[in-house]
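Yeah, the sequence shown ends on 888 if you go by our numbering, and it's all consecutive. All remarks here apply to the structure that follows.
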Amino acid sequence: MSRLSPFLVWWTGIACRRARWIAPAALLAAGYLGHYAATHLSMNSDTGSMLSERLEWRRAFLEYEREFPQLGDEIQIVIDAVTPEAAEEAQRKLARRLRRRSDLFESIFVPGGGAFYEQNGLLYFEAEQLDALHDRVADHRDELLRLERDPTLRGLADVVEQALRESDSPNRAVRQLLTPLAAAVQAQLQRQPFQVSWREELEGRPATRADRRRFLIVRPRLDYAQSMPASPALNEIRKLAGSLTGRRASGVRVRLTGSEAIEHEALESVMVDMARAALAAILAVTLILYFGLRSFRLLVASLLTLVSGLAVTAAFAAAAIGSLNLISIAFAILYIGLGIDYTVHLSLAYAEARSERSDHATAIRQATERVGGALLLSALTTAACFYAFLPTDFTGVSELGLIGGTGMSISLFFTLTLLPALLTLGPLQIGSEGRLSRGSAPRASPLSRIAQRTVDGRRHWIIGVTVVSTIGALALIPRVRFDQNPINLSDPGSESITTYRELVRDPNTVPLAVSTLAESREGAGRLISQLEELPQVGSVLTVDAFVPEDQPQKLTTVESIAQLLGLPAERRAVSPEPQEQVSTAVGAVQRIRNDLRLYADRLDERDETARRRLSTLLKRWDRWLEDWPAETQVRLVEELEQSFLGTFASSMEALRRSLTARRFGPDDLPEDLQRRWIGRDGAVRVQVVPTEKLDSSEKLADFVSSVRSAAPSITGIPVNDLESSRVAVRSFRQAFTLALIAIAVMLSMLLRNLARVSFVLIPLVAASVLTFGASVVLKVPMNFANIITLPLLLGIGVDNGIHVLHRSRAIRKPAGSLFATSTVRAVVVSTLTTLASFGSLVLSSHNGLASMGRLLFIGMLVLLACTLLFLPALLGRSSSARSPAT
3 MSRLSPFLVW WTGIACRRAR WIAPAALLAA GYLGHYAATH LSMNSDTGSM LSERLEWRRA
63 FLEYEREFPQ LGDEIQIVID AVTPEAAEEA QRKLARRLRR RSDLFESIFV PGGGAFYEQN
123 GLLYFEAEQL DALHDRVADH RDELLRLERD PTLRGLADVV EQALRESDSP NRAVRQLLTP
183 LAAAVQAQLQ RQPFQVSWRE ELEGRPATRA DRRRFLIVRP RLDYAQSMPA SPALNEIRKL
243 AGSLTGRRAS GVRVRLTGSE AIEHEALESV MVDMARAALA AILAVTLILY FGLRSFRLLV
303 ASLLTLVSGL AVTAAFAAAA IGSLNLISIA FAILYIGLGI DYTVHLSLAY AEARSERSDH
363 ATAIRQATER VGGALLLSAL TTAACFYAFL PTDFTGVSEL GLIGGTGMSI SLFFTLTLLP
423 ALLTLGPLQI GSEGRLSRGS APRASPLSRI AQRTVDGRRH WIIGVTVVST IGALALIPRV
483 RFDQNPINLS DPGSESITTY RELVRDPNTV PLAVSTLAES REGAGRLISQ LEELPQVGSV
543 LTVDAFVPED QPQKLTTVES IAQLLGLPAE RRAVSPEPQE QVSTAVGAVQ RIRNDLRLYA
603 DRLDERDETA RRRLSTLLKR WDRWLEDWPA ETQVRLVEEL EQSFLGTFAS SMEALRRSLT
663 ARRFGPDDLP EDLQRRWIGR DGAVRVQVVP TEKLDSSEKL ADFVSSVRSA APSITGIPVN
723 DLESSRVAVR SFRQAFTLAL IAIAVMLSML LRNLARVSFV LIPLVAASVL TFGASVVLKV
783 PMNFANIITL PLLLGIGVDN GIHVLHRSRA IRKPAGSLFA TSTVRAVVVS TLTTLASFGS
843 LVLSSHNGLA SMGRLLFIGM LVLLACTLLF LPALLGRSSS ARSPAT
């Protein structure tokens with residue numbers, strides 16, 4: 003390294019002599035390039051683009067996407083309601099409103115909705131369900147037809163009176179009305195929204211969550227001119243959905259998930275978190291620098307140098323790549339944490355030289371001689387660690403590697419150019435006693451003094467503990483876990499993530515299925531036969547799965563129901579006037595109450611259940627009539643009619659539409675459904691659903707491997723998650739190996755001494771192994787975001803080792819002088835600034851960034867211990883003089 007010092011001294015000398023124009027020119031250029039970056043650097047939230055398209059499984063996915071472009075970039079709208087009718091109505095209204103905004107949405111797919119399903123929905127019932135519906139309609143035919151003619155409380159009173167009049171025995175129709183009627187009255191008393199589902203009453207079973215849930219699949223038109231391309235579409239959906247959920251009694255809940263919603267919220271979270279983290283990092287670094295440098299002039303010069311280099315690095319990213327991904331966006335925090343190290347070392351070396359009564363020019367020259375070579379080697383090794391990711395298939399990290407590696411060169415350039423120029427314009431002043439006027443002379447920090455006493459007194463103990471700890475951590479490496487689910491990187495509290503996870507747990511949805519393509523339906527049939535034999539496969543779906551079985555038998559039952567109901571009942575032609583209608587409704591309530599009291603007297607002891615229900619209803623009704631004044635009763639009666647009979651008319655209309663069902667085949671299915679299963683070039687989509695939940699990496703790998711044995715070109719979320727994790731782990735191993743080799747080669751070439759190279763590498767390897775072990779003990783799994791951490795720690799760690807080794811060989815002072823030098827103080831200060839910078843990521847709501855911050859924070863603490871304790875203990879002569887560097 004000593005042979006490089008003359009050139010570096012010459013370079014900083016030019017910066018000092020031309021400071022009056024170099025400093026303004028550099029700052030102006032940085033400002034212009036910063037503006038260029040702000041206007042040209044965009045964000046790319048597509049996680050798929052972070053992996054190379056050369057991968058075979060990625061090519062299969064791209065082929066699948068080419069056949070079915072409408073299946074990508076989707077927003078999934080999940081609608082939940084208190085009744086199936088409310089969910090369907092919300093689905094229908096929202097779909098109609100979204101279709102009016104063709105400028106924002108390319109397509110709107112309504113699963114299970116539309117005229118086709120309204121006509122043929124009964125054919126999708128199980129035969130037993132359809133038979134139960136038939137029996138229900140047969141038992142209550144007369145009551146249904148009467149109520150259909152007048153679906154009001156007046157009509158209900160007529161039904162109750164007629165039922166009681168026609169039979170001396172308890173009437174089943176009346177008894178079955180008691181439970182929903184009692185529930186409606188109770189809801190009125192408690193002022194709670196309530197809606198009787200007449201679909202449940204007709205089918206004779208309570209609605210399941212699947213019955214009360216509907217979906218809309220929307221493909222937005224993405225506006226890439228905006229930093230958030232899906233933002234206009236998502237905002238419009240939320241605006242339109244607000245009118246459905248804003249009413250107190252609506253009972254409708256609308257949530258958004260799907261690839262675009264997840265990526266949008268992840269991008270939004272990352273951008274907000276990164277802005278906060280960058281601000282926190284700058285503030286923390288400024289505070290640490292103020293106490294570490296103990297000079298306002300050094301602080302300002304260092305910060306200006308740091309910010310200028312960051313602006314130029316961002317401009318390079320804009321020109322070379324054009325966009326940041328969810329991983330490479332962390333370059334700003336990494337640059338702050340790493341770039342400040344170079345300015346800290348040169349600033350403290352300069353302050354140390356000034357404290358020795360050297361004039362400014364001499365101090366700059368001495369500082370460059372002392373740390374310049376180490377700075378150059380540090381920049382080269384750190385850049386090599388970043389560049390080690392370039393040849394990997396993990397494009398997201400390789401882009402960060404390109405930006406980070408180039409950023410280290412930019413940081414070194416500004417440290418050796420702008421910083422000396424700024425210090426020349428505002429040099430540190432010497433006091434009358436030869437001390438810096440602001441007390442900036444470097445001296446051992448408390449941490450350095452503790453480290454010195456520990457090393458001097460317990461050198462062999464430190465080496466022994468480090469070796470034993472490293473061996474123990476080495477044994478933990480097989481237990482390092484990689485979290486292969488990219489969903490876990492996002493903010494766990496975001497709507498899209500919570501909704502997605504709920505759907506994954508729902509047995510009625512299949513978000514974790516895989517798909518493949520068959521050339522024809524015949525080929526799909528043969529593939530299905532092979533797949534269904536696999537124990538890991540629960541079901542296999544094609545477009546044919548949407549054609550119900552046993553249609554002739556079901557149509558016979560449907561025709562029988564149609565005959566029972568006959569033609570649609572005629573409604574009363576004349577409705578009462580509004581005032582008359584109110585009094586009629588109130589009177590109807592009184593009639594029903596009186597009829598039920600008479601009915602109660604006719605029940606015998608054998609009808610204990612009916613007696614109990616009726617007694618409860620009458621008690622509630624009495625309380626209802628007693629507690630509220632007449633004007634309030636009128637309003638409550640109207641609400642009661644709506645809550646009890648509000649869905650009756652629409653349910654009967656829907657039932658009658660479904661009684662016109664006709665036999666159909668695959669070619670008769672709705673066109674938008676067929677397009678989701680038959681590709682643009684005729685390929686048939688085959689979807690494979692697993693037998694059990696893929697809640698572990700072992701199950702996931704087993705399922706994918708098993709299906710691949712029959713269909714090699716499968717794709718889908720399980721395949722993407724599994725293969726992405728393999729690429730990430732392979733990229734990490736490749737990058738870690740390349741970085742270690744590059745560091746070893748550069749150290750060998752520049753240090754030209756195997757012992758010196760070993761002094762740098764041994765603590766570095768120990769720190770890496772200990773970081774692995776700490777990640778296991780502290781339960782911090784590796785993932786797609788923090789996978790870059792350990793190769794990056796190699797670069798950071800080798801910097802510290804180079805500085806300590808370089809300075810220890812150049813010391814001419816008496817015992818103990820190493821820990822009192824500006825180098826050790828700079829190592830402490832730079833490590834603290836890096837800890838503060840990386841630590842700001844820990845507070846991120848985005849789990850990926852937070853995990854990166856946690857692992858970097860842990861690794862930096864380990865590196866600091868290895869640099870201040872283990873390396874000096876290995877050197878073994880921290881208290882003795884050194885010969886000059888050669």
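Glycine included, every Cβ here is placed at the ideal spot set by N, Cα and C. Just so we're clear, the structure is a prediction, and the values are computed from it rather than from any experiment.
If you follow the beta strand (DSSP E) that residue i is in, where does it begin and where does it stop?
{"i": "A520", "result": "516-520"}
{"i": "T259", "result": "255-259"}
{"i": "F111", "result": "107-111"}
CA-CA distance, residue i and residue j?
{"i": "L536", "j": "L724", "result": "20 Å"}
{"i": "H42", "j": "M784", "result": "32 Å"}
{"i": "A883", "j": "L421", "result": "With a pLDDT of 37 at A883, under the threshold of 50, the modelled position of this residue cannot be trusted, and the question is left open."}
{"i": "E270", "j": "M230", "result": "8 Å"}
{"i": "V771", "j": "F548", "result": "55 Å"}
{"i": "F705", "j": "M751", "result": "50 Å"}
{"i": "I745", "j": "L877", "result": "20 Å"}
{"i": "Q72", "j": "R221", "result": "7 Å"}
{"i": "I24", "j": "F293", "result": "28 Å"}
{"i": "A381", "j": "S411", "result": "6 Å"}
{"i": "G775", "j": "S104", "result": "54 Å"}
{"i": "R211", "j": "T662", "result": "27 Å"}
{"i": "E128", "j": "R138", "result": "15 Å"}
{"i": "G799", "j": "F63", "result": "40 Å"}
{"i": "G441", "j": "R356", "result": "Note that G441 scores 42 on pLDDT, short of 50, meaning its location in the model is unreliable and no value can be drawn from it."}
{"i": "Q164", "j": "L158", "result": "10 Å"}
{"i": "P8", "j": "A21", "result": "20 Å"}
Among all the DSSP beta bridges, which residues are the ones paired with residue i?
{"i": "R539", "result": "Arg is not the amino acid found at residue 539; the sequence shown has Val there. Paired residue(s): P692."}
{"i": "I499", "result": "Beta-bridge pairing links I499 to no other residue."}
{"i": "G718", "result": "V516"}
{"i": "S832", "result": "Paired residues: none, contrary to the question."}
{"i": "V686", "result": "A520, I680"}
{"i": "F217", "result": "V80"}
{"i": "M45", "result": "L326"}
Checking 7 Å against the spacing of the C-beta atoms, do residue i and residue j come in under that value?
{"i": "A32", "j": "S325", "result": "no"}
{"i": "G850", "j": "L491", "result": "yes"}
{"i": "G260", "j": "L308", "result": "no"}
{"i": "R665", "j": "Q553", "result": "yes"}
{"i": "L795", "j": "G861", "result": "yes"}
{"i": "A737", "j": "T397", "result": "no"}
{"i": "A88", "j": "I81", "result": "no"}
{"i": "A852", "j": "V864", "result": "no"}
{"i": "I79", "j": "L258", "result": "yes"}
{"i": "I790", "j": "V399", "result": "yes"}
{"i": "Q197", "j": "S645", "result": "yes"}
{"i": "T315", "j": "T417", "result": "no"}
{"i": "R99", "j": "I110", "result": "no"}
{"i": "L702", "j": "N788", "result": "no"}
{"i": "I366", "j": "T14", "result": "yes"}
Assign residue i to one of three DSSP states: helix, strand, or coil.
{"i": "T544", "result": "coil"}
{"i": "Q486", "result": "coil"}
{"i": "M230", "result": "coil"}
{"i": "P222", "result": "strand"}
{"i": "V560", "result": "helix"}
{"i": "L392", "result": "coil"}
{"i": "V782", "result": "coil"}
{"i": "L326", "result": "strand"}
Considering residue i, what are the terminal residues of the alpha helix (DSSP H) in which it resides?
{"i": "S360", "result": "That residue, S360, is in no alpha helix (DSSP H); it is neither H nor E in DSSP."}
{"i": "Q78", "result": "Segment 77-82 is the beta strand (DSSP E) holding Q78; no alpha helix (DSSP H) there."}
{"i": "N122", "result": "117-122"}
{"i": "A25", "result": "21-42"}
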